[in-house]
Amino acid sequence: RSAMEKGKGHGGIVCFVPSKAFLECFKTIFTQQIDQKLTYHFEDLKSFERDCRTRSTVLFSVMGGRLSEGINFSDNFCRMLFVIGLPFPSMTTEINERIKFYGKNFLVNIAMKTVNQSLGRALRHKNDFASIVLIDQRYENHIEMLSPWIQEKIKKSTFQDVFKQTHSFLKEQTEKYFNSKQK
1 RSAMEKGKGH
11 GGIVCFVPSK
21 AFLECFKTIF
31 TQQIDQKLTY
41 HFEDLKSFER
51 DCRTRSTVLF
61 SVMGGRLSEG
71 INFSDNFCRM
81 LFVIGLPFPS
91 MTTEINERIK
101 FYGKNFLVNI
111 AMKTVNQSLG
121 RALRHKNDFA
131 SIVLIDQRYE
141 NHIEMLSPWI
151 QEKIKKSTFQ
161 DVFKQTHSFL
171 KEQTEKYFNS
181 KQK
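Per UniProt numbering, the sequence shown starts with residue 1, numbered consecutively.
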């Protein structure tokens, strides 16, 4: 919640979670414990886009779902992107067979492909900017599986450092963006 409040005033905030069950937990938490100053939506793209035009708004969605693939959250629609957890597929007979054939890394490969797809939603052109926060200690073990443009910028940080860095980054980039528009 604190990180999202730090992003207020800087545009849309998109938060991808690993599963529908995780999303349902967030719904419960946000509808019961978050003050109404923060506008948020759960997989409701139209309402998110509408509200983003006038105030900071949070969109929660599932990685690998319809909003994490093929949707562009360019410019002010995504100034902060949170990716929480790793989206491992549900264990099915087919997945188990593939693990037997390809090995244990099969699951990690699927999850990281989905993460990279989600990360690409935020930055859509050369002048676009967003603060991207990966929230899961397991990313440390899979940095080499992230897209190269993320690998070169990644920093390990505490939550407190993330808040400070995000605030500074968004303030600096917003000033650059508006100064370039005035020229």
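The beta carbon of each residue, even a glycine, is placed where N, CA and C say it ideally should be.
Among residues of its own chain, excluding the 5 on either side of residue i, which ones have a beta-carbon nearer than 8 Å to its beta-carbon?
i: GLY120; result: SER147
Measuring straight from C-alpha to C-alpha, what distance separates residue i and residue j?
i: LYS171; j: TYR177; result: 10 Å
i: ILE95; j: ASN116; result: 20 Å
i: SER129; j: LEU81; result: Looking at the sequence itself, residue 129 is Phe, so the reference to Ser does not match. Each residue's alpha carbon lies about 10 Å from the other.
i: ILE84; j: ILE132; result: 11 Å
i: SER68; j: ASN109; result: 17 Å
Using the beta-carbon count (16 or more within 10 Å), is residue i buried or exposed?
i: ALA122; result: buried
i: MET112; result: buried
i: PHE73; result: buried
i: PHE42; result: buried
i: PHE60; result: buried
i: THR158; result: exposed
Can you list, in chain order, the residues of its chain with a C-beta nearer than 7 Å to that of residue i? Leave out the 5 residues immediately preceding and following it.
i: ILE143; result: GLN151, ILE154
i: ARG138; result: LEU86
i: PHE106; result: ARG98, ILE99
i: ARG55; result: THR39
i: LYS27; result: PHE42
Given the structure, does residue i come close to the ligand NAP, in the sense that its CB is under 6 Å from one of the ligand's heavy atoms?
i: PHE129; result: This structure does not include the ligand NAP; it has no bound ligands of any sort.
Please look up how many angstroms separate the CB atoms of residue i and residue j, rounded, as I've assumed it's under 8 Å.
i: GLY70; j: PHE48; result: Wrong, their Cβ atoms sit about 16 Å apart, outside the cutoff.
i: VAL62; j: LEU23; result: 5 Å
i: SER118; j: PHE16; result: 5 Å
In its own chain, which residues sit with a C-beta less than 6 Å from the C-beta of residue i, not counting the 5 before and 5 after it?
i: PRO89; result: ILE95, ILE110
Fill in: Ranges of the beta strand (DSSP E) found wholly within the UniProt domain "ATP-dependent helicase C-terminal" (16-141), counting only runs of at least 3
39-42, 57-62, 80-84, 131-135
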